[in-house]
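Okay, structure first, notes after.
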Amino acid sequence: MTYPHRLLDDIDTLASFQGWSKEVYEDFFKLREGDIDEDAFRIKHCRERAILTIDMTGFTLSALQVGEINSLTRIFDAQRAALPVLQDYGADLIRCFADDIIALFRSPGEAIDAALEIHRRIERFNASPLASAHPTVCCAGIGFGRVFAIGPNLAQGDEMNRASKLGEDIARGSETLITENMYEAVAGREDLVFERQDQDDLLFPFYKVSEVH
Numbered sequence: 028m029t030y031p032h033r034l035l036d037d038i039d040t041l042a043s044f045q046g047w048s049k050e051v052y053e054d055f056f057k058l059r060e061g062d063i064d065e066d067a068f069r070i071k072h073c074r075e076r077a078i079l080t081i082d083m084t085g086f087t088l089s090a091l092q093v094g095e096i097n098s099l100t101r102i103f104d105a106q107r108a109a110l111p112v113l114q115d116y117g118a119d120l121i122r123c124f125a126d127d128i129i130a131l132f133r134s135p136g137e138a139i140d141a142a143l144e145i146h147r148r149i150e151r152f153n154a155s156p157l158a159s160a161h162p163t164v165c166c167a168g169i170g171f172g173r174v175f176a177i178g179p180n181l182a183q184g185d186e187m188n189r190a191s192k193l194g195e196d197i198a199r200g201s202e203t204l205i206t207e208n209m210y211e212a213v214a215g216r217e218d219l220v221f222e223r224q225d226q227d228d229l230l231f232p233f234y235k236v237s238e239v240h
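Position in the sequence shown counted from 1, then plus 27, gives you my numbering.
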């Protein structure tokens with residue numbers, strides 16, 4: 028049975044929706060047609076990066092309880108406090124969407140240090156006169172490894188998926204959770220405590236990170 032509906036095969040039109048670049052769409056067509064193999068695609072598009080995903084707590088609830096503008100200003104304030112940290116710690120890429128922030132680092136250590144510093148600065152901001160009556164806190168998930176440097180965040184693949192799951196769905200306010208790959212990259216640090224987490228409803232284990240006090 029052939030597919031009975033129209034497929035969008037025009038590369039310029041596909042790229043206009045900003046999912047991937049024109050070059051990436053061209054390479055996917057080559058992959059489908061057998062002109063390149065998966066190894067060639069990986070060599071061209073993969074990079075090793077630490078992926079830090081930041082989510083903000085209570086966005087939906089705050090919109091319901093205190094209104095849309097208040098919930099948006101919570102994001103505004105959190106971005107003002109968090110984004111300078113990512114700049115200071117040398118993030119290669121920073122992207123914001125709604126109440127999420129994605130940052131890529133070449134060094135896994137810098138990604139963890141940035142996450143912990145964001146928690147500190149958000150706490151200080153929320154204790155200052157600058158904070159609103161309903162301030163937010165951040166949750167962090169971090170992965171490390173080979174990702175496809177394609178799409179708006181220049182990071183797609185398994186480690187990106189895991190980092191996003193940890194940061195957006197599992198971590199609670201002020202928590203930093205990391206993947207196994209990330210743990211293996213930073214496990215030797217004596218200034219950090221790593222607690223292995225095993226949840227039955229997840230497909231992969233992860234670690235909670237805290238600082239030694």
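For each residue, glycine too, the CB sits at the ideal point set by N, CA and C.
- Here Ile81 is not near Ala182, since their CB atoms are 8 Å or more apart.
- For Trp47, same chain residues with a beta-carbon under 7 Å away, outside a window of 5 residues either side, are Ile177 and Gly178 in chain order.
- In this structure, Leu110 sits near Ile121, with a CB-CB distance shorter than 8 Å.
- In this structure, His161 is the residue among Asp225, Pro232 and His161 with its C-alpha nearest to the C-alpha of Gly94.
- Here the alpha carbons of Gly215 and Gly170 stand approximately 17 Å from one another.
- At least 8 Å separates the beta-carbon of Gly117 from that of Val213.
- Per the coordinates, the alpha-carbon of Arg59 lies some 12 Å from the alpha-carbon of Asp36.
- Here the alpha carbons of Ser191 and Ile129 stand approximately 9 Å from one another.
- When beta bridges are read from the DSSP output, Thr29 appears opposite no residue.
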